[in-house]
Amino acid sequence: MGRTYQTSDFRNGLKVEVDGAPYEMVYFQFVKPGKGTAFTRTKLKNMLTGSVLERTYRTGETLPAAEVEDESMQYLYNDGDFYHFMNEETFEQLAIPKEQLEGTSDFLTENLVVDVLFYKGNPTSVTLPNFIESQVTYCEPGVRGNTAQGATKPATLACGATINVPLFINDGEILKVDTRTREYVSRVKS
Amino acid sequence: MNDNGYLEVHTPVLVDAPAMEEHLEAVGVGERFLHTSPEFAMKRVLCAGLGRIYQITPCFREEEVGVHHSREFTMLEWYRVGAGTAELMDDVELLFGKAAQAVERPPPVFQRRAVQDLMAEAGHIDTGDQEAWFRTWIDKVEPQLTEPTFVHGYPPWQAALSRVRGDTADRFEVYLSGLELGNAFAEEGDPQTLRERFTESAKAREDAGRQPHPVDEALLACTGRMPRAAGIAVGIDRLVMALTGASDIAQVQVR
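Line by line, the protein sequences are chains A and B.
Going from the first sequence to the working numbering is simple: count from 1 and add 1.
Going from the second sequence to the working numbering is simple: count from 1 and add 3.
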């Protein structure tokens, strides 16, 4: 039997098992009606699908801890179907199918260190660094002097992602990108 | 309060019998307790013959910690002899109007809503399951109470120390800015009825594996002499939150 959490242990970031899936607590609030029992209202984010569940627990109810752990690993390469990662200390390697990395795989560049999430011993997803740097491999030529606010064009990056960038960006420039929002942040001076 | 004929009183914070409600947990100090509210002691002051009394005092409740809860908070509690819940609603409107004026906000205008109607609108079907009742209340009813509201007519099993008339308890709760700020009773004056309720809640606590709090015999001994009265307790920290838009009680306390 693994450990369980009481409602008084609830806090953001807690990883719990609900209906046979791992969830991360992203919101909790103690509520107590005038003459009633106390409850804790929660929002739980499914660590596999990202969907958010709202649940209310009575004080005294418990939740089992999710059997999850993070491991820092280096991205090596992909063979089209699988993405290969390596533990930098043990040099152990593992492969994650492409489908499980939807939304993250196109930001992976060789040697990038990411957090691989294991659920019940199996790798399930990766968390990217909040910011990555990648070179523009293709975009329409820059328009000198065009500083129109908010005007953008698509640019393809070496890592594989296509993001919207300001009009003054040119081929070959290195950009800083926010992986959480998939947004351009700034140019990186090379 | 002073302008409206209320006399300020002070009752002990350290008491032998802190509260009788099933879901209130007192902070223990040795063999004694910090009061969860000054209710019992203030009723003994009413029994002694004063007609309009109030006090502002720290109160303590164990296990209550959150953005709307703090183990220590400040309560304004007042009692009015010869009055019922309607007169207390007038007092609340007057007091909250002045508090709002002090921070340059329009005075709140309260709507009156019956518990039964609110629960029916939320689609609740009563099966006698108290936990289910509270789940509907916190998940479906309370989030709708964003306008200034007096919620009245509670089921008898939530009467606490209020009198029961017909099939509802004669008490109300005050909501402002979505926060429950206060709780008012038309006081039950029959000591035997109170003793039965105390015994029931003590039993419920024992069944739930919690230590029952001692019975306040001094209160029961004088209740027969207590004139008809109504009383209300308002959380000052939450009133300040409601008037200033603070989202966390920690923002209005020094910690």
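Cβ coordinates follow ideal geometry from the N, Cα and C atoms, glycine included.
Exposure label - residue i; buried when at least 16 CB within 10 Å
{"i": "B/V270", "result": "The first residue shown for chain B is 4 and the last is 258, placing residue 270 of chain B beyond what the model contains."}
{"i": "B/G185", "result": "buried"}
{"i": "A/A162", "result": "buried"}
{"i": "B/E42", "result": "buried"}
{"i": "A/G14", "result": "exposed"}
{"i": "B/G234", "result": "buried"}
{"i": "B/D240", "result": "buried"}
{"i": "B/R166", "result": "buried"}
{"i": "B/G156", "result": "buried"}
{"i": "A/K16", "result": "buried"}
{"i": "B/R213", "result": "exposed"}
{"i": "B/Q161", "result": "buried"}
Contact set for residue i: own chain, Cβ-Cβ below 6 Å, skip 5 residues either direction
{"i": "A/I97", "result": "Y84, P124"}
{"i": "B/R64", "result": "T39"}
{"i": "B/V30", "result": "L37, F63, E65"}
{"i": "A/E55", "result": "K44"}
Proximity below 7 Å, CB of residue i to CB of residue j
{"i": "B/I56", "j": "B/V12", "result": "yes"}
{"i": "A/A156", "j": "A/I170", "result": "yes"}
{"i": "B/A232", "j": "B/E183", "result": "no"}
{"i": "B/E176", "j": "B/V144", "result": "no"}
{"i": "A/P65", "j": "A/T5", "result": "yes"}
{"i": "B/I141", "j": "A/F40", "result": "yes"}
{"i": "B/D251", "j": "B/V70", "result": "yes"}
{"i": "B/A163", "j": "B/E24", "result": "yes"}
{"i": "B/P194", "j": "B/A205", "result": "no"}
{"i": "B/Q114", "j": "B/E80", "result": "no"}
{"i": "A/A159", "j": "A/S135", "result": "yes"}
{"i": "B/R47", "j": "B/C225", "result": "yes"}
{"i": "B/P217", "j": "B/D94", "result": "no"}
{"i": "A/D71", "j": "A/D107", "result": "no"}
{"i": "B/L91", "j": "B/A187", "result": "yes"}
Proximal chain B residues relative to residue i, where beta-carbon distance stays under 9 Å
{"i": "A/Q30", "result": "G69, V70, H71"}
Within chain A, partners of residue i - CB distance below 9 Å
{"i": "B/A163", "result": "G35, K36"}
{"i": "B/E209", "result": "Those do not exist, as B/E209 stays about 15 Å from chain A at its closest Cβ, beyond 9 Å."}
Chain-ordered chain B contacts of residue i [CB-CB under 7 Å]
{"i": "A/R59", "result": "E134"}
Under 8 Å by beta carbon: chain A residues contacting residue i
{"i": "B/E66", "result": "S9, A39, T60"}
{"i": "B/E24", "result": "K36"}
Neighbourhood of residue i by C-beta distance below 7 Å, restricted to the same chain and skipping five residues each side
{"i": "A/N131", "result": "D179, T180, R181"}
{"i": "A/A22", "result": "N47, L49"}
{"i": "B/R116", "result": "T152, V154"}
Close Cβ partners of residue i (< 8 Å) along its chain, the five nearest in sequence each way excluded
{"i": "B/W136", "result": "M122, H127, D129, P158"}
{"i": "A/T38", "result": "R59, T60"}
{"i": "A/C1", "result": "The structure shown does not extend to residue 1 of chain A, since chain A spans only 2 to 191, so no value can be given for it."}
Practice problem: Closer than 7 Å, Cβ to Cβ, to anything on chain A: give me those residues from the segment 137-153 of chain B, in chain order. | Solution: F137, R138, W140, I141, D142
Next on the checklist: Please identify, using Cβ separations under 8 Å, the residues of the segment 168-186 of chain B that lie next to chain A, in order along the chain.
Outcome noted: E176, E183, N186
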